[in-house]
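*Asks:* Okay, here's the structure, questions in a sec.
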Amino acid sequence: MKDPPFNCTALCRGKEYQKVSAYAGQLHDAFYTYAVAANRTLTDHCPIKNGRCLAEHLAMEFEGVSGKVVVGRNGTRYPTFYLDALNSKFEQETYGTVFVEKFTGTFKPTYKDESVLWWQRGKRPPAVPRCGFKGLQCPVDALNANKGYVIAAALVFVIIILGSIAGMVYFFRVKRKEEERLNKLWQIPFTSLKVIEKKGREASFYSTQSRPSSVGSLRKGGKTETRNFMFFCHDGETVAAHKHELRLRLESKDKQHWRMLREFDHENMNRFIGLCLDGPQMLSLWKYCSRGSIDDVIRDNASKMDGFFVFLLLKDIVHALGFLHRSPIRCHGFLTSRNCLVDERWVVKISDYGLDRWRLGDKPTQKDLLWSAPEHLRNGSIEGSQEGDIYSFGIICSQLVTKTKVWNLENRKEDPEEIIYLLKKGGHNAPRPDLEPHETVEVSPALLHLIRDCWTERPSERPTIHQVREQLKSMQTIKCSNLMDYVFNMMEKYACSLEEEVEQRTKELVVEKKKSDILLYRMLPKQVADKLKLGQSVEPESFESVTVFFSDVVSFTTIAARGSPLQVVSLLNSLYMTFDSIIDAHDVYKVETIGDAYLCVSGLPRRNGHQHIKEICSMSLGFMHALVDFRIPYLPNEQLNLRIGLHSGAVVAGVVGLTMPRYCLFGDTVNTASRMESNGKAGKIHLSSEANQMLEKVGGYQTEKRGEVIIKGKGVMETYWLLGRSDDALSDCTKPLNDEAHSTTNLQLPESSVTQNDFPEHRSLTPKGLYNEYKSSGAQW
Numbered sequence: 131m132k133d134p135p136f137n138c139t140a141l142c143r144g145k146e147y148q149k150v151s152a153y154a155g156q157l158h159d160a161f162y163t164y165a166v167a168a169n170r171t172l173t174d175h176c177p178i179k180n181g182r183c184l185a186e187h188l189a190m191e192f193e194g195v196s197g198k199v200v201v202g203r204n205g206t207r208y209p210t211f212y213l214d215a216l217n218s219k220f221e222q223e224t225y226g227t228v229f230v231e232k233f234t235g236t237f238k239p240t241y242k243d244e245s246v247l248w249w250q251r252g253k254r255p256p257a258v259p260r261c262g263f264k265g266l267q268c269p270v271d272a273l274n275a276n277k278g279y280v281i282a283a284a285l286v287f288v289i290i291i292l293g294s295i296a297g298m299v300y301f302f303r304v305k306r307k308e309e310e311r312l313n314k315l316w317q318i319p320f321t322s323l324k325v326i327e328k329k330g331r332e333a334s335f336y337s338t339q340s341r342p343s344s345v346g347s348l349r350k351g352g353k354t355e356t357r358n359f360m361f362f363c364h365d366g367e368t369v370a371a372h373k374h375e376l377r378l379r380l381e382s383k384d385k386q387h388w389r390m391l392r393e394f395d396h397e398n399m400n401r402f403i404g405l406c407l408d409g410p411q412m413l414s415l416w417k418y419c420s421r422g423s424i425d426d427v428i429r430d431n432a433s434k435m436d437g438f439f440v441f442l443l444l445k446d447i448v449h450a451l452g453f454l455h456r457s458p459i460r461c462h463g464f465l466t467s468r469n470c471l472v473d474e475r476w477v478v479k480i481s482d483y484g485l486d487r488w489r490l491g492d493k494p495t496q497k498d499l500l501w502s503a504p505e506h507l508r509n510g511s512i513e514g515s516q517e518g519d520i521y522s523f524g525i526i527c528s529q530l531v532t533k534t535k536v537w538n539l540e541n542r543k544e545d546p547e548e549i550i551y552l553l554k555k556g557g558h559n560a561p562r563p564d565l566e567p568h569e570t571v572e573v574s575p576a577l578l579h580l581i582r583d584c585w586t587e588r589p590s591e592r593p594t595i596h597q598v599r600e601q602l603k604s605m606q607t608i609k610c611s612n613l614m615d616y617v618f619n620m621m622e623k624y625a626c627s628l629e630e631e632v633e634q635r636t637k638e639l640v641v642e643k644k645k646s647d648i649l650l651y652r653m654l655p656k657q658v659a660d661k662l663k664l665g666q667s668v669e670p671e672s673f674e675s676v677t678v679f680f681s682d683v684v685s686f687t688t689i690a691a692r693g694s695p696l697q698v699v700s701l702l703n704s705l706y707m708t709f710d711s712i713i714d715a716h717d718v719y720k721v722e723t724i725g726d727a728y729l730c731v732s733g734l735p736r737r738n739g740h741q742h743i744k745e746i747c748s749m750s751l752g753f754m755h756a757l758v759d760f761r762i763p764y765l766p767n768e769q770l771n772l773r774i775g776l777h778s779g780a781v782v783a784g785v786v787g788l789t790m791p792r793y794c795l796f797g798d799t800v801n802t803a804s805r806m807e808s809n810g811k812a813g814k815i816h817l818s819s820e821a822n823q824m825l826e827k828v829g830g831y832q833t834e835k836r837g838e839v840i841i842k843g844k845g846v847m848e849t850y851w852l853l854g855r856s857d858d859a860l861s862d863c864t865k866p867l868n869d870e871a872h873s874t875t876n877l878q879l880p881e882s883s884v885t886q887n888d889f890p891e892h893r894s895l896t897p898k899g900l901y902n903e904y905k906s907s908g909a910q911w
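All residue numbers for the sequence shown refer to the working numbering, where the first residue is 131 and numbers rise by one.
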């Protein structure tokens with residue numbers, strides 16, 4: 131240990147000794163191994179010079195300068211080998227490591243692809259050369275050995291290739307001609323379309339009601355074009371041409387698409403006729419269905435549609451959707467009740483399918499989007515989806531069950547724009563159409579649940595068309611599967627009951643006519659009412675001599691203030707029924723009642739000579755007699771009292787108004803009669819001098835001279851009191867009424883205790899209108 135290299139002397143400071151030797155690390159690890167083994171030997175009290183003891187302590191493992199050092203029990207170090215090679219840049223690179231332990235080697239590569247190791251050819255060289263190590267084992271050339279066979283096989287192969295090429299060329303030529311032939315079937319020249327002239331038979335594809343964007347129809351003034359559709363005759367049949375704003379360049383896949391649509395053949399799919407590409411705009415032509423759309427059927431045949439009728443319509447739509455969802459189209463994309471058409475056999479046929487790309491240029495209105503699923507409204511997708519078709523089907527179901535237009539907009543407070551906004555917003559409170567079945571449609575509760583499942587908010591939770599079809603099949607109770615047969619049976623039953631129904635309706639009409647006539651004759655004189663019913667004008671008529679009657683309930687405002695409005699109305703009704711029964715016994719016409727005021731006249735519209743004063747006087751006395759036993763229900767201890775005024779003279783009568791015609795009286799006679807009533811006294815019948823003179827001519831009545839009275843607008847007039855008939859004075863029934871103590875009222879209320887202003891809700895009971903003005907003004911007629 132005293133010698134180099136362990137004990138470095140001054141010689142180590144030379145330049146040639148400044149670099150460490152390549153084996154210095156191995157020397158360090160060997161010396162370190164020996165030192166550890168010697169230390170273990172001395173620890174076990176074994177002589178260090180004993181080679182066997184030293185060898186027993188050599189087994190160890192540590193990280194040395196030269197790497198990981200592993201020494202076995204026999205003193206042998208397990209080495210680690212590194213696989214180094216030159217890469218494509220001729221640089222040394224390690225490609226793997228071999229670990230040796232207990233005479234077993236483990237190779238761990240550092241590469242993933244072996245081709246990087248063999249960089250010249252990228253492949254491991256064979257273990258034995260192709261011709262052997264001595265060049266004597268080269269394989270025999272099969273081509274030279276079997277040259278004849280090879281040439282024959284090559285000729286056969288060439289013939290097969292040429293035949294295949296020729297067959298493929300022929301096949302493609304035939305296929306191309308067939309495609310051209312099929313393309314001609316759906317490519318309809320515009321010149322082959324004939325405009326439909328209006329004839330006796332009316333026809334319509336989409337009516338103006340079911341298509342608001344329409345500006346005309348086959349039923350309207352002979353027009354054959356709407357905003358979205360035109361109608362032509364092609365090959366002897368009527369076709370509907372759907373106008374498209376966008377004209378796209380047709381590619382091969384588009385032609386294939388139209389050929390596929392042309393070949394669609396299903397009972398519930400409306401037949402696609404073809405495209406018109408050379409017209410003013412692109413047109414898609416579809417078979418015309420005479421009964422219009424589902425909207426038209428609901429509008430025109432709502433009374434004939436029952437639960438099973440609706441069920442069969444839904445069943446047809448489901449069959450059509452099932453066919454579409456299984457076809458290459460996969461979905462409709464814009465299903466509405468307007469493109470669910472009904473032919474002459476009452477079979478539903480879905481139209482306007484397969485037009486996704488061509489809808490890009492169309493501009494649907496907000497109402498057109500009411501059938502679209504919320505997810506399509508949010509992303510503005512025009513491609514559609516099968517889940518979206520199920521949602522649209524649910525909306526159509528709600529129309530048929532409720533027999534209304536889409537979303538029943540006429541009875542909803544939201545307009546289409548608000549509904550679309552709420553649908554885009556979504557959520558648990560998103561709106562849906564009302565689902566209250568029409569009174570004539572009996573549907574299973576399961577069908578209503580199915581409809582709600584169809585329009586649920588999450589597309590993944592909606593049933594598939596197969597599930598819908600299976601559920602509808604389980605709901606069918608009537609064996610009839612053809613709507614045409616069902617309609618015929620229904621029409622037969624309807625025809626059998628039609629005659630009975632018409633007869634019953636005729637009887638009801640006669641009864642109702644009698645009722646309306648009775649009511650009309652109560653509102654207007656019979657002569658006037660008959661003229662108005664015939665549409666004739668009623669000219670004003672002058673009557674030279676009539677008697678006008680005015681009456682007023684004394685202190686009615688005070689009486690009304692002591693009861694509720696309903697009690698007051700009941701009081702007036704009872705009072706007027708009593709008076710009306712008295713009027714019916716006399717030749718008197720009741721003109722009007724305004725609150726507690728009563729206006730009657732005799733001598734018109736049927737003239738009765740001078741009997742009118744007698745009729746009015748008898749009626750007035752009857753009113754007074756009737757009040758003796760009349761009681762106020764809510765004031766049983768109180769007595770009603772009347773103030774009556776009569777006047778005779780000339781009047782003019784006529785019908786005023788058109789909306790609510792009224793038979794009115796005009797003239798100074800009406801004004802004077804009103805003044806007689808307002809200047810009279812409670813419980814008395816006040817007559818003018820003209821009425822008194824006419825009454826004296828007729829005779830049979832007792833009157834008493836009141837004297838001269840100042841009448842507003844008339845000056846001083848001499849008036850009279852009617853006491854009764856000459857053979858039956860009013861001593862018994864009018865004595866208490868003539869007492870001065872009853873000149874105002876029997877209620878004996880303080881003068882300022884109750885006023886009309888204290889009860890404004892009863893002001894409407896005060897007489898108002900044309901005849902009330904006679905009391906408050908001195909207007910001259």
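Idealized CB from N, CA, C, for every residue including glycine.
On a predicted model such as this, the values are computed, not experimentally measured, just so you know.
Quick check: the stretch 370-378 against the stretch 470-490, are there 3 or more CB pairs under 8 Å?
*Replies:* The stretch 370-378 is in contact with the stretch 470-490.
*Asks:* How is phenylalanine 686 classed by DSSP in three states: helix, strand or coil?
*Replies:* Locating residue 686 in the sequence shown gives position 556, counting from the first residue. If DSSP states are grouped into helix, strand and coil, phenylalanine 686 belongs with the helices.
*Asks:* Who are histidine 568's beta bridge partners in DSSP?
*Replies:* Indexing the sequence shown from 1 puts residue 568 at position 438. According to DSSP, histidine 568 bridges with nothing at all.
*Asks:* Who are tryptophan 416's beta bridge partners in DSSP?
*Replies:* In the sequence shown, counting from the first residue as 1, residue 416 sits at position 286. Answer by DSSP bridge pairing, in chain order: Ala370 and Phe402.
*Asks:* Helix, strand or coil for isoleucine 841 per DSSP?
*Replies:* Here residue 841 refers to the residue found at position 711 of the sequence shown. The answer is strand: DSSP assigns isoleucine 841 an E or B state.
*Asks:* Helix, strand or coil for leucine 765? Go by DSSP, reduced to three states.
*Replies:* Counting from one through the sequence shown, the residue named residue 765 turns up at place 635. It is a strand residue.
*Asks:* Mind the definition here: the stretch 403-421 touches the stretch 500-513 only if three or more C-beta pairs lie below 8 Å; say whether that holds.
*Replies:* No, because fewer than three Cβ pairs between the stretch 403-421 and the stretch 500-513 fall closer than 8 Å, the two stretches do not touch.
*Asks:* Alpha carbon to alpha carbon, what distance is there between arginine 635 and leucine 817?
*Replies:* In the sequence shown, the residue the question calls residue 817 occupies position 687. In the sequence shown, the residue the question calls residue 635 occupies position 505. Looking at the two C-alpha atoms, the distance is approximately 53 Å.
*Asks:* Would the stretch 379-399 count as touching the stretch 450-466 if we require 3 or more Cβ pairs under 8 Å?
*Replies:* Result yes; three or more Cβ-Cβ pairs closer than 8 Å.
*Asks:* How many whole angstroms separate the CB atoms of threonine 356 and isoleucine 326, which I take to be in contact at a CB cut-off of 8 Å?
*Replies:* As a position in the sequence shown, residue 356 is number 226, starting the count at 1. As a position in the sequence shown, residue 326 is number 196, starting the count at 1. With 8 Å as the limit, threonine 356 and isoleucine 326 do not qualify as a contact, their Cβ atoms being about 13 Å apart.
*Asks:* Taking only the alpha-carbon atoms, compute the straight-line gap between serine 694 and glycine 557 and give it to the nearest angstrom.
*Replies:* Here residue 694 refers to the residue found at position 564 when the sequence shown is read from its first residue. Here residue 557 refers to the residue found at position 427 when the sequence shown is read from its first residue. Spanning the two alpha carbons is a distance of roughly 51 Å.
*Asks:* Within 10 angstroms of the Cβ of leucine 639, are there 16 or more other Cβ atoms? Answer buried if so, exposed if not.
*Replies:* Locating residue 639 in the sequence shown gives position 509, where the first residue counts as 1. Under this definition leucine 639 is an exposed residue.
*Asks:* The beta strand (DSSP E) with valine 472 in it runs from where to where?
*Replies:* The residue you call residue 472 lines up with position 342 of the sequence shown. Start and end: 470-472.
*Asks:* Since threonine 802 contacts lysine 844 with CB under 8 Å, what's their CB separation in whole angstroms?
*Replies:* As a working note, residue 802 is residue 672 in the sequence shown. As a working note, residue 844 is residue 714 in the sequence shown. Confirmed, about 7 Å.
*Asks:* Return the CA-CA distance between serine 382 and arginine 303, expressed in angstroms with no decimal places.
*Replies:* Here the question's residue 382 lines up with position 252 in the sequence shown. Here the question's residue 303 lines up with position 173 in the sequence shown. Distance between the alpha carbons of serine 382 and arginine 303: 16 Å.
*Asks:* Would DSSP call isoleucine 550 helix, strand or coil?
*Replies:* Locating residue 550 in the sequence shown gives position 420, counting from the first residue. In the structure shown, isoleucine 550 sits in a helix (DSSP, three-state: H, G or I).
*Asks:* Starting from aspartate 660, trace the alpha helix (DSSP H) in both directions and tell me its first and last residue.
*Replies:* One-based indexing of the sequence shown puts residue 660 at position 530. Taken as a continuous stretch (DSSP letters only), the alpha helix (DSSP H) holding aspartate 660 covers 656-663.
*Asks:* Is it true that the CB of threonine 224 sits closer than 7 Å to the CB of tyrosine 241?
*Replies:* Indexing the sequence shown from 1 puts residue 241 at position 111. Indexing the sequence shown from 1 puts residue 224 at position 94. Going by C-beta atoms, tyrosine 241 is not nearer than 7 Å to threonine 224.
*Asks:* To the nearest angstrom, how far is it from the Cα of cysteine 794 to the Cα of lysine 533?
*Replies:* The sequence position of residue 794 within the sequence shown is 664, counting from 1. The sequence position of residue 533 within the sequence shown is 403, counting from 1. Their backbone Cα atoms lie some 48 Å apart in a straight line.
*Asks:* For the beta strand (DSSP E) containing glutamate 722, list its first residue and its last residue.
*Replies:* Here residue 722 is taken as the residue at index 592 of the sequence shown, counted from 1. Counting along the chain, the beta strand (DSSP E) containing glutamate 722 begins and ends at 719-724.
*Asks:* Return the Cβ separation of phenylalanine 796 and valine 785 in integer angstroms, given the expectation that the two are a contact with Cβ distance under 8 Å.
*Replies:* As a first step, residue 796 must be located in the sequence shown, where it is residue number 666. As a first step, residue 785 must be located in the sequence shown, where it is residue number 655. No, phenylalanine 796 and valine 785 are not in contact; Cβ-Cβ is about 12 Å, not under 8 Å.
*Asks:* Any contact between the stretch 807-815 and the stretch 746-757? By contact I mean 3 or more CB pairs, one from each, below 8 Å.
*Replies:* Cβ pair count under 8 Å is three or more, so yes.
*Asks:* Using CA coordinates, which residue listed in Val200, Gly437 and Ala167 is at the minimum distance from phenylalanine 233?
*Replies:* Against the sequence shown, residue 233 aligns to sequence position 103. Ranking Val200, Gly437 and Ala167 by Cα distance to phenylalanine 233 puts Val200 first.
*Asks:* Where does valine 280 fall in DSSP's three states?
*Replies:* Within the sequence shown, numbered from 1, the residue matching residue 280 stands at position 150. Note: valine 280 maps to helix in three-state DSSP.
*Asks:* Between which residues of its own chain and lysine 661 is the CB-CB distance below 6 Å, once the five residues before and five after are set aside?
*Replies:* Taking the first residue of the sequence shown as position 1, residue 661 is located at position 531. Counting only Cβ-Cβ distances below 6 Å, and skipping sequence neighbours, we find Val668.
*Asks:* Compare the C-beta of cysteine 268 with all C-beta atoms of chain D and state if any pair is closer than 7 Å.
*Replies:* The displayed structure is made up of one protein chain only, and chain D is not part of it.
*Asks:* What residue range is occupied by the uninterrupted alpha helix (DSSP H) comprising arginine 805?
*Replies:* For the purposes of this step, residue 805 is taken as residue 675 along the sequence shown, with counting starting at 1. First-last of the alpha helix (DSSP H) with arginine 805: 798-808.
*Asks:* Kindly list the residues whose CB is nearer than 6 Å to the CB of glutamate 474, restricted to its own chain and excluding five residues on each side of it in sequence; keep chain order.
*Replies:* Here residue 474 corresponds to residue number 344 of the sequence shown, with the count starting at 1. Excluding residues within five positions, the ones whose Cβ falls inside 6 Å are Ser420.
*Asks:* For phenylalanine 655, which residues from the same chain have a beta carbon less than 7 Å from its beta carbon, with the 5 sequence-adjacent residues on both sides left out?
*Replies:* Taking the sequence shown and counting its residues from 1, one reaches residue 655 at position 525. Correcting the residue type first, residue 655 is proline in the shown sequence and not phenylalanine. Hits under 7 Å: Tyr719, Pro735 and Tyr793.
*Asks:* Can you give me the Cβ contacts of aspartate 436 inside the same chain, cut-off strictly under 8 Å, excluding the 5 residues immediately before and after it?
*Replies:* The sequence position of residue 436 within the sequence shown is 306, counting from 1. So the list reads Thr570, Val571, Glu572 and Met620, once near-sequence residues are dropped.
*Asks:* Please name the residue, chosen from Arg203, Thr163, Leu247 and Ser218, that lies closest to glycine 194 on a Cα-to-Cα basis.
*Replies:* As a first step, residue 194 must be located in the sequence shown, where it is residue number 64. Considering only alpha carbons, the answer is Thr163.
*Asks:* Counting C-beta neighbours from all protein chains within 10 Å, is the total for threonine 789 16 or more, i.e. buried, or is it exposed?
*Replies:* What you label residue 789 is simply residue 659 of the sequence shown in a count that begins at 1. Threonine 789 is exposed by the Cβ-count criterion.
*Asks:* Taking the C-alpha atoms as reference points, what is the distance between leucine 702 and aspartate 726?
*Replies:* By one-based count along the sequence shown, residue 702 stands at place 572. By one-based count along the sequence shown, residue 726 stands at place 596. Distance between the alpha carbons of leucine 702 and aspartate 726: 7 Å.
*Asks:* With 16 other CB atoms within 10 Å as the buried threshold, where does tryptophan 248 fall?
*Replies:* Position 118 of the sequence shown, counting from 1, holds the residue named residue 248. Exposed: under 16 other Cβ atoms inside 10 Å.
*Asks:* Tell whether a beta-carbon distance below 7 Å holds between alanine 783 and glutamate 674.
*Replies:* Taking the sequence shown and counting its residues from 1, the one referred to as residue 783 is at position 653. Taking the sequence shown and counting its residues from 1, the one referred to as residue 674 is at position 544. Going by C-beta atoms, alanine 783 is not nearer than 7 Å to glutamate 674.
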